[in-house]
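>
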Amino acid sequence: MGRFNKNSISAKNVQTIFNFLKLSLAFLVAILIVVVVIFLCADEPFSTMHYFFLSPFDSVRHMGNIIENATPVLFTGVATCLLFSAGDVTLAGEGAVYFGGFVASAVAVSLPIQNDALKIIALLTGALVGILIAVLPAFVQNKFKVDSFVFSLLFNYVLLYIGSYFLNYKLHDYSYKSGTATAPFPEFAVLHSLIPKTSVNVGFFIGLLLAVGAWVFSNKTKWGYEAKLLRSNPHFAKYVGVNVVKISLIAAALGGFVAALGGGVEILGKAPRFSWTALPGYGWDGFMVATLAYYNPILVPFAALFLGYLRTGANIMNLYSNIPLELISAIQAVMILLIASKAMLNKSQQRMIEKQTRLRAQQEEKSGEGA
Numbered sequence: 000m001g002r003f004n005k006n007s008i009s010a011k012n013v014q015t016i017f018n019f020l021k022l023s024l025a026f027l028v029a030i031l032i033v034v035v036v037i038f039l040c041a042d043e044p045f046s047t048m049h050y051f052f053l054s055p056f057d058s059v060r061h062m063g064n065i066i067e068n069a070t071p072v073l074f075t076g077v078a079t080c081l082l083f084s085a086g087d088v089t090l091a092g093e094g095a096v097y098f099g100g101f102v103a104s105a106v107a108v109s110l111p112i113q114n115d116a117l118k119i120i121a122l123l124t125g126a127l128v129g130i131l132i133a134v135l136p137a138f139v140q141n142k143f144k145v146d147s148f149v150f151s152l153l154f155n156y157v158l159l160y161i162g163s164y165f166l167n168y169k170l171h172d173y174s175y176k177s178g179t180a181t182a183p184f185p186e187f188a189v190l191h192s193l194i195p196k197t198s199v200n201v202g203f204f205i206g207l208l209l210a211v212g213a214w215v216f217s218n219k220t221k222w223g224y225e226a227k228l229l230r231s232n233p234h235f236a237k238y239v240g241v242n243v244v245k246i247s248l249i250a251a252a253l254g255g256f257v258a259a260l261g262g263g264v265e266i267l268g269k270a271p272r273f274s275w276t277a278l279p280g281y282g283w284d285g286f287m288v289a290t291l292a293y294y295n296p297i298l299v300p301f302a303a304l305f306l307g308y309l310r311t312g313a314n315i316m317n318l319y320s321n322i323p324l325e326l327i328s329a330i331q332a333v334m335i336l337l338i339a340s341k342a343m344l345n346k347s348q349q350r351m352i353e354k355q356t357r358l359r360a361q362q363e364e365k366s367g368e369g370a
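Residue numbering for the sequence shown follows numbering that gives the first Met the number 0, beginning at 0 and increasing consecutively.
#1: Is there contact here, the segment 81-96 with the segment 247-266, by at least three beta-carbon pairs under 8 Å?
#2: Three-state secondary structure (DSSP) at residue 335?
#3: Identify whether residue 247 lies in helix, strand or coil by the three-state DSSP scheme.
#4: When the distance is taken between beta carbons, is residue 293 closer than 9 Å to residue 262?
#5: What does a CB cutoff of less than 7 Å around residue 32 pick up in its chain, not counting 5 residues either side in sequence?
#6: From the DSSP output, in three-state form, read off residue 275 for me.
#7: Apply the 10 Å Cβ neighbour rule to residue 363 and answer buried if 16 or more other Cβ atoms are within range, or exposed otherwise.
#8: Below 7 Å CB to CB, which residues in the same chain sit around residue 300 once its five sequence neighbours on both sides are set aside?
#9: Quick check: the segment 302-309 against the segment 117-135, are at least 3 beta-carbon pairs closer than 8 Å?
#10: Using a Cβ-Cβ cut-off of 7 Å (strictly less than) and excluding sequence neighbours within five positions of residue 310, which residues of its own chain qualify?
#11: Within 10 angstroms of the Cβ of residue 217, are there 16 or more other Cβ atoms? Answer buried if so, exposed if not.
#12: Do residue 316 and residue 54 have their C-beta atoms within less than 9 Å of each other?
#13: Is the Cβ-Cβ distance between residue 137 and residue 231 less than 9 Å?
#14: Around the C-beta of residue 61, are 16 or more other C-beta atoms found within 10 angstroms, so that it is buried, or is it exposed?
#15: Can you give the Cα-Cα distance for residue 225 and residue 242, rounded to whole angstroms?
#16: Measure from the alpha carbon of residue 229 to the alpha carbon of each residue in 18, 84, 99, 325, then state which is nearest.
#17: Which two residues bound the contiguous alpha helix (DSSP H) that contains residue 102?
#18: Where does the unbroken alpha helix (DSSP H) through residue 284 begin, and where does it stop?
#19: For residue 296, which option in 313, 219, 325, 358 has the closest C-alpha, if you only look at C-alpha atoms?
#20: Touch check for the segment 16-29 and the segment 270-281: three-plus C-beta pairs under 8 Å?
#21: Can you list, in chain order, the residues of its chain whose CB lies under 6 Å from that of residue 77, leaving out five sequence neighbours each side?
#22: According to the Cβ coordinates, are residue 103 and residue 75 closer than 9 Å?
#23: Which residues in the same chain have their Cβ closer than 6 Å to the Cβ of residue 37, if we skip the five residues on either side of it in sequence?
#24: Is the segment 186-206 close to the segment 267-274, with three or more CB pairs under 8 Å?
#25: Could you tell me how far apart the beta carbons of residue 159 and residue 238 are, in whole angstroms, since I believe they sit closer than 8 Å?
#26: Could you round the C-beta distance between residue 108 and residue 181 to whole angstroms and report it? I think they count as a contact, below 8 Å.
#27: Candidates 289, 195, 249: which alpha carbon is nearest residue 66's?
#28: With DSSP as the reference, label residue 240 as helix, strand or coil.
#29: Which value, in whole angstroms, describes the spacing of the CA atoms of residue 146 and residue 152?
Written as C-alpha cells, this is what we have:
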C-alpha cells in the first residue's frame with residue numbers, strides 16, 4: 000500500500016499539475032508575443048525590451064508603481080473569488096468598486112470629523128454599501144430566477160447614473176475647473192503614501208489580509224465548504240441540505256464588501272478628490288486576476304502583482320518608445336484565453352489520469368493477491 004501512495008498521483012493532483020502547466024504556458028506565450036511585437040514595431044527593440052522587462056525593478060519608485068497598480072486588482076480579484084465561490088456568475092464587483100469609492104468619497108467630504116476616524120468611517124460605509132450592491136443580484140436570482148450576470152451588468156450602470164447625478168448636482172465643486180469632481184478630500188480622510196513618489200499605502204496590506212481571510216473562509220469554514228459543494232454540484236448540495244439562498248447571499252455579501260472597500264482604498268489613496276465619471280474597470284480586471292489565480296484567493300496577490308508588473312513595464316515602455324499601451328490589453332486577453340481554454344493540454348491531462356488510474360488498479364490488484 001505504501002508503494003501505491005508513492006507511485007500514483009490522484010486526479011486532484013493531476014489537475015493541479017496541469018493548471019500550473021497551463022498557467023506557465025500562458026505566461027510564456029504572452030511574453031513571446033511581447034518580444035515579437037517589440038521586434039516588429041520598435042525602433043530600438045533591445046532598449047524597448049529593457050524598458051518593459053527590467054525597468055520596473057530598477058528603482059524603489061518603479062517597484063512601488065508595481066504595488067500601486069496591483070492594489071485595486073488585488074481587492075477585486077479576492078472579491079471575484081468570493082462572489083463566484085458559490086457558483087453564481089456576477090459582475091457586481093464592478094458596481095461595488097465604483098459605488099464603494101463614491102460613497103467613501105461622499106462621506107469623506109461631508110462629515111466634519113477632524114481625526115483619523117474619518118477615513119475608517121468613510122471606508123467602512125462604502126464597504127457596507129457594497130454588501131447591498133452585491134447581495135441584490137444574488138437575491139433576485141434566487142428569488143425570481145433572474146440571471147445574476149445580466150442583472151448585475153445592467154445594475155452597474157444604474158449605480159453609475161446615480162453616482163453621476165450626485166456628483167454633478169450635489170457634490171460638485173464648481174471652483175474646480177479641470178473637470179467634474181468633489182471638493183478635495185480632508186487631510187484626515189487620505190491614505191498617505193508609504194513609498195515616496197508613489198501611491199502605495201496601507202490598502203495593499205489590507206488587501207493581503209483579505210486574501211488570507213478569503214482563503215480561510217473557502218477552505219476552513221462550514222460556509223466555505225458548502226459554497227464549494229454548491230458550485231461543483233448544486234443538485235447534490237440541495238439534496239444534502241445546503242441552504243442555497245443563505246450560502247449564495249453570504250458569498251455575495253463578502254465579495255461586495257471586499258470590492259467596495261477596494262474602491263474606497265483606491266480613491267482615498269490615489270486621488271485628491273472623487274472624479275470618476277465612468278465605471279473604473281477594476282471589476283473586470285478582478286475577474287482576470289481571479290482567472291489567473293484559478294479562483295484561489297491565496298494566489299490572487301501573486302496574479303495581481305504580475306499584472307501590476309506588466310502595467311508598470313508598459314507605462315515605462317510607452318514613455319521611452321513608440322510601442323502603445325494597448326499592447327498590454329492584447330497580452331492580457333491572450334493569457335485569459337489560454338488559461339480559460341478547456342481544450343489546452345486536455346488530451347495530455349486525460350492520458351495522465353488514465354495512466355494513473357491503471358497504475359492504481361494494478362497496485363490494488365497486487366495488494367489483493369498479497370493478502
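The C-beta atom is built at its ideal place from N, Cα and C for all residues, glycine as well. Given the structure is predicted, the values throughout are model-derived calculations rather than measurements.
Here's the rundown:
#1: Counting Cβ pairs under 8 Å, three or more are found: they touch.
#2: helix
#3: Assignment of residue 247 by DSSP, reduced to helix, strand and coil, places it in the helix class.
#4: no
#5: Around residue 32: 330, 333.
#6: Residue 275: coil per DSSP, three-state reduction.
#7: exposed
#8: 73, 207, 210
#9: Taking a contact to require three or more Cβ pairs closer than 8 Å, the segment 117-135 and the segment 302-309 do not qualify as touching.
#10: Cβ neighbours of residue 310 within its own chain (closer than 7 Å, five residues either side excluded): 68, 327.
#11: buried
#12: Yes, these two residues count as a Cβ contact at 9 Å.
#13: No, the pair does not count as a contact, with Cβ atoms beyond the cut-off.
#14: buried
#15: Each residue's Cα considered, the two are about 9 Å apart.
#16: 84
#17: 91-109
#18: Where residue 284 is concerned, the enclosing alpha helix (DSSP H) starts and stops at 281-291.
#19: It is 219.
#20: no
#21: 209, 210, 213, 257, 296, 299
#22: Result no, Cβ atoms of residue 103 and residue 75 do not sit closer than 9 Å.
#23: 44, 47, 48
#24: Yes, since at least three Cβ pairs between the segment 186-206 and the segment 267-274 fall closer than 8 Å, the two stretches touch.
#25: That pair is no contact at about 41 Å.
#26: 5 Å
#27: 195
#28: Here residue 240 sits in coil by DSSP.
#29: Approximately 10 Å between the Cα atoms of the pair.
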